[in-house]
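Protein chains in written order, with my numbering: chain A, 13 to 184; chain B, 48 to 167; chain C, 91 to 716. Just so it is clear, CB atoms sit at the ideal spot from N, CA and C, and this is done for glycine as well. Predicted model only: the values in this text are computed from it and were never measured.
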Amino acid sequence: MKNKLLLLFIISIFTIIFIIFYKGLKNTNVYTPDIKINKEVPSFTSELFYSNEVVKSKEIFDLDKFYLLNIWSSWCAPCRQEHSLLMDLMETKKIKIIGVNYKDTKKNAESFLSELGNPFYQIIFDKEGVTAIEWGAYGVPESFLIYDRKILKKYIGPLDEQSIKEIKFLIK
Amino acid sequence: MKILKLFLIIFFIFSFNHLNANNEEMKIKITKNLRCLVCQGQSVYDSDSEFANSLKVLVDKKLEKGFSETQIYDYFKDKYGEWILYDPELNKNTYLLWLLPILIFLIGGAIIFKSFIFKK
Amino acid sequence: MLFSIIGHYSLILGLLISLTLIFFSINNFKNSKSFDTKILSFTFLQFILVVVSFLCLILSFIFSDFSNETVFNNSHTTKPLFYKISGTWGNHEGSLLLWLLVLTLFIFLFLIKTKNQPIKYKILTLVFQQVIIIGFFVFLIKTSNPFNYLYPIPEEGLGLNPILQDPALAIHPPILYLGYVGSSIIFSSALAATSLNMISKKWASHIKKWVLISWVFLTLGILLGSIWAYYELGWGGFWFWDPVENVSLMPWLALTTLLHCVLVLEKKLVLTSWVIILSISTFTLSMCGTFLVRSGILNSVHTFANDPERGLFILIFLFSLIFISLFIFFFFHKPNQSNLNNFFWLSKETSIIINNWFMMYFLSVVLVGTVYPIFLDVLTSEKISVGPPFYHKLIIPFLIPFLLIMAIGPKLKWIKSNLEDKVYLISLLFISFLLSFLIVKNFNSNFLINTILISSALYLFFVTLRDFFIMKKNNISQNIAHFGFSLLILSILFNSLFSTEIITNLKVGETFETSTTKIIFKNINQKKEKNYKSVVGNFSIQNSNGKIDNLSPELRIYNQPNIVTSEADIKTTLLSDKFLVINLVQNQDYFNVRYQVKPFMLWIWLSVLLISLGALISLFKKEYEK
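This is the structure we're talking about:
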């Protein structure tokens with residue numbers, strides 16, 4: 013009797029393990045951080061691209077306005093891809109695009125912008141990639157939609173038509 | 048009281064110096080405990096990705112600013128979630144993780160005692 | 091093309107032979123007066139068919155036959171011949187074929203080497219092994235066929251991941267699999283012996299050989315993997331507690347425990363149920379490891395091509411094996427109640443039981459740490475990482491009593507022994523403590539735990555060393571293995587305590603100086619090989635006593651696939667390794683330079699070899715005595 017109970021117990025444990033592994037198979041094993049919505053914009057200080065001024069994040073983002081923060085770099089191929097979409101978005105004038113120039117040289121970044129146009133209202137020069145970390149980013153490109161100093165949405169990887177449409181819808 | 052205060056100040060200065068001297072060591076320790084999000088099997092220390100390199104720089108900066116080890120971990124946890132820490136904290140999600148092996152050890156011990164000693 | 095066809099049909103034929111073998115076995119089992127020789131020849135034939143299939147795959151790789159999907163995915167014409175061959179088992183399909191090869195090899199060897207055992211036992215072992223073999227045949231043919239066609243035939247292959255193009259990693263899988271898969275024979279024979287209720291001292295000494303063989307290969311396989319990780323993967327680390335490493339450590343821990351238990355069972359009829367459980371769990375853990383790694387359920391540095399269908403197949407197969415084993419264990423095994431009476435407290439056996447107790451604890455730490463994130467994710471969708479600090483925190487404190495028991499355990503009769511011996515042992519403990527105190531004195535971090543840890547390792551070191559000189563030859567294998575283990579722990583401890591490291595950014599021609607070391611980045615030159623281009627940095631490193639070392643780490647840019655790897659340059663001496671590696675920094679004209687001095691690195695490898703030597707001696711000693 014005692015033996016049978018033990019057997020039953022062990023079998024049920026293994027069955028549970030089986031089910032968990034079975035379910036686990038369907039989950040992806042690649043981790044992407046949770047997107048925390050309505051989180052306050054991180055507070056940081058960083059250098060501006062053109063003026064070399066050191067600014068606080070509060071000075072960049074006004075309350076009650078829409079911003080798109082875009083992390084980009086001249087050496088990143090997908091950034092080149094999404095650039096025209098950013099230009100397009102900038103022309104709507106409803107949103108200010110803030111660029112974070114990630115681990116770049118000024119020379120390369122400047123020629124990138126003169127070639128493809130400059131959609132950015134302001135550019136933060138993030139030579140060491142530290143500002144990007146403040147934003148919880150881990151690669152280029154990444155974009156954040158911001159309203160009222162709160163993050164509404166986060167886009168990992170290059171923006172596409174779909175996401176631009178979404179942004180336009182949200183800022184209306 | 049004054050002596051105590053003085054003592055405390057000296058102690059803090061001393062411990063601060065001590066901290067500074069070991070910044071490099073502390074940086075290694077911290078970066079070994081952070082998991083890289085780009086090459087997800089490696090620690091930030093072992094990884095060589097752009098992300099990991101920036102993280103190393105940031106850890107350095109935080110240490111210079113006098114952040115403590117736990118403060119730095121909390122900072123990264125806030126940015127990237129608990130996943131980034133290789134050393135899971137003891138909380139409701141991880142009680143079982145930390146305690147299960149110990150429990151197994153105790154049960155094993157109990158079985159050994161029961162069958163080999165009390166049988167006598 | 092031709093090879094693919096031959097290889098594919100050999101596999102199908104091999105599967106058919108499995109079914110035939112089971113049929114023969116059932117007949118022979120019913121009428122078991124004599125062993126049916128057909129069984130032996132068919133087992134041999136099956137082995138040959140798998141060999142043929144394996145050779146076909148190797149030949150496809152050698153001739154770069156890109157009509158074969160596996161070759162296309164993992165090879166390239168410019169790859170050196172050696173890596174074309176090793177590429178055969180450097181991928182999922184090929185490595186499973188290697189599993190199958192080892193499975194069939196072991197059962198064949200088992201049948202011809204097992205002489206003084208009942209026929210029914212041999213037949214039943216064969217049946218259980220064939221069940222496993224069938225599982226793998228079906229798995230291979232259905233989900234991971236190494237002989238899939240590609241049409242149109244591609245011009246060029248995709249190439250082998252550069253970090254796998256390495257001599258240590260070329261021989262690592264075959265050796266590791268001999269250990270991993272070798273444990274299948276222990277599994278099958280334990281189930282057979284349980285079904286026939288013939289777990290006995292005689293069975294123990296018969297199975298001990300197989301345990302030792304698997305154990306030696308598994309140990310060496312892990313060693314090779316670790317050496318590879320040391321110079322190829324990281325920054326001088328040799329064990330990362332990565333899931334793939336844990337997965338090889340788990341069967342190793344179970345097998346080590348089993349080895350010690352079998353030694354007891356050989357002398358006294360105790361712990362029978364425990365030996366069965368361990369025999370079953372060793373192979374189950376190997377399979378579980380395969381599941382965890384191949385299904386992609388965990389992420390690790392070493393990734394195989396993941397496919398959920400494969401994961402599901404192994405999962406179902408694994409749990410079928412577990413349930414079959416549970417069934418046999420609960421319904422056929424009759425525990426021998428009387429056997430506890432001849433057990434003595436404070437005997438060698440007690441110390442082995444305590445060893446088992448600790449080993450099971452270590453195993454549970456590794457197991458829980460590896461699979462816990464999966465469970466948490468499924469149950470609560472929370473994602474956490476379990477890394478080195480977790481394992482260190484849970485394992486290191488328990489290592490101290492473990493080492494002490496290892497030192498005095500083998501001589502637990504010492505309470506009865508003469509006074510002189512006791513004084514000796516106690517004074518050795520004292521000396522170890524003093525010595526470790528002096529060693530750790532200058533370290534402020536974790537002073538207490540380091541002192542105690544080093545003193546217990548030193549204690550084991552001294553005790554085993556002393557035994558080595560005074561003991562009669564009767565237990566030299568155990569002595570060497572335990573000595574090796576103490577050396578291993580000591581080397582790891584010293585290595586982690588006394589490693590020093592300099593990280594800096596340097597341009598060509600620059601010099602970096604600290605109070606003890608001067609690093610001069612002399613120049614760089616370029617090199618072009620068949621399958622990669624490389625940038626070699628030439629450094630000269632001067633330490634405080636004026637000794638100069640020249641080190642030349644490399645950055646390799648492989649052409650197929652296009653991946654940059656950095657090759658460390660390591661200067662190994664008896665006492666320490668000098669490790670230098672450079673890396674490119676995005677958009678900068680300097681290199682990231684890391685220089686490490688890692689003491690006793692060589693001794694970590696040597697001590698593992700020493701432990702294996704102990705097992706080998708034990709294996710051959712017994713052969714000789716027969």
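The C-alpha of A/Tyr79 lies about 5 Å from the C-alpha of A/Ile107.
Where C/Gly627 is concerned, the enclosing beta strand (DSSP E) starts and stops at 622 to 633. Annotation note: the region 251 to 277 of chain C contains no uninterrupted alpha helix (DSSP H) run of length 4 or greater.
No Cβ of chain C is located within less than 7 Å of the beta carbon of B/Ile77. Residues are counted here when their Cβ sits less than 7 Å from a Cβ of chain B; for the region 460 to 492 of chain C these are Tyr462, Leu466, Thr470, Glu472, Lys473, Ile474, Ser475, Val476, Gly477, Pro478, Pro479, Phe480, Leu484, given in chain order. Residue burial is scored here from C-beta neighbours: B/Phe123 has at least 16 other C-beta atoms within 10 angstroms and is therefore classed as buried.
For A/Tyr150, the C-beta contacts it makes with chain B under 8 Å involve Leu84, Val85, Phe98, Tyr127, in order along the chain.
Counting along the chain, the unbroken alpha helix (DSSP H) around C/Lys357 starts and ends at 333 to 357. When rounded, the separation of the alpha-carbon atoms in C/Leu411 and C/Thr374 is 8 Å.
Comparing alpha-carbon positions, the option among B/Phe152, B/Leu153, B/Ile75, B/Leu146 lying closest to C/Tyr462 turns out to be B/Leu146.
With a cutoff of 7 Å on beta-carbon distance, A/Glu71 and A/Phe137 are scored as not near each other. At the C-beta level, C/Phe198 and C/Gly272 stay beyond 7 Å of one another.
Around A/Tyr133, no beta-carbon contact reaches into chain B at under 7 Å, the shortest distance being about 24 Å. For C/Leu664, same chain residues with a beta-carbon under 7 Å away, outside a window of 5 residues either side, are Leu692 in chain order. For C/Gly97, the enclosing alpha helix (DSSP H) has its first and last residue at 92 to 120.
Here A/Tyr34 carries a helix assignment [DSSP, helix/strand/coil]. As the crow flies, the alpha-carbon of C/Tyr211 is around 13 Å from that of C/Lys292.
Comparing C-alpha distances from A/Lys105 to each of A/Thr117, A/Phe132, A/Val42 shows the shortest one belongs to A/Phe132. Nearest Cα to C/Phe227 within the set C/His98, C/Asn652, C/Ala547, C/Ser605: C/His98. For C/Asn569, the enclosing alpha helix (DSSP H) covers residues 566 to 588. The continuous beta strand (DSSP E) containing A/Trp84 extends over residues 78 to 84.
The C-beta of A/Asp116 comes no closer than 7 Å to any C-beta of chain B. Taking C-beta atoms as the reference points, C/Asn673 and B/Asp95 count as a pair closer than 7 Å.
DSSP places B/Glu97 in the uninterrupted alpha helix (DSSP H) bounded by 97 to 111. A/Lys115: not part of any beta strand (DSSP E); DSSP gives it neither H nor E. Listed in chain order, the non-local C-beta contacts of C/Leu494 below 6 Å within the same chain comprise Ser546, local neighbours out to five positions each way being set aside. Taking a C-beta distance under 7 Å as the contact criterion, C/Ser415 and C/Ile276 do not qualify as a contact pair. In this structure, C/Phe452 is the residue among C/Leu580, C/Asn633, C/Ser586, C/Phe452 with its C-alpha nearest to the C-alpha of B/Leu153. Ranked by Cα distance from C/Trp342, the first of C/Thr362, C/Leu359, C/Met377 is C/Met377. When C-alpha distances from A/Lys118 are compared across A/Arg92, A/Leu98, A/Glu146, A/Ser86, the shortest belongs to A/Ser86.
Taken through DSSP and simplified to helix, strand or coil, C/Tyr514 comes out as helix. Under DSSP, the beta-bridge partners assigned to C/Asp639 are C/Ile631. Residues are counted here when their Cβ sits less than 8 Å from a Cβ of chain A; for the region 92 to 125 of chain B these are Glu97, Phe98, Asn100, Ser101, Leu102, Val104, Leu105, Lys108, given in chain order.
Between C/Ser385 and chain A, the shortest Cβ-Cβ separation is below 7 Å. Between A/Lys51 and A/Lys162 the beta-carbon gap is near 7 Å, inside 8 Å, which marks them as a contact. Residues of the region 397 to 409 of chain C with a Cβ closer than 7 Å to any Cβ of chain A, in chain order: Pro398, Gly401, Leu402, Leu405, Phe409.
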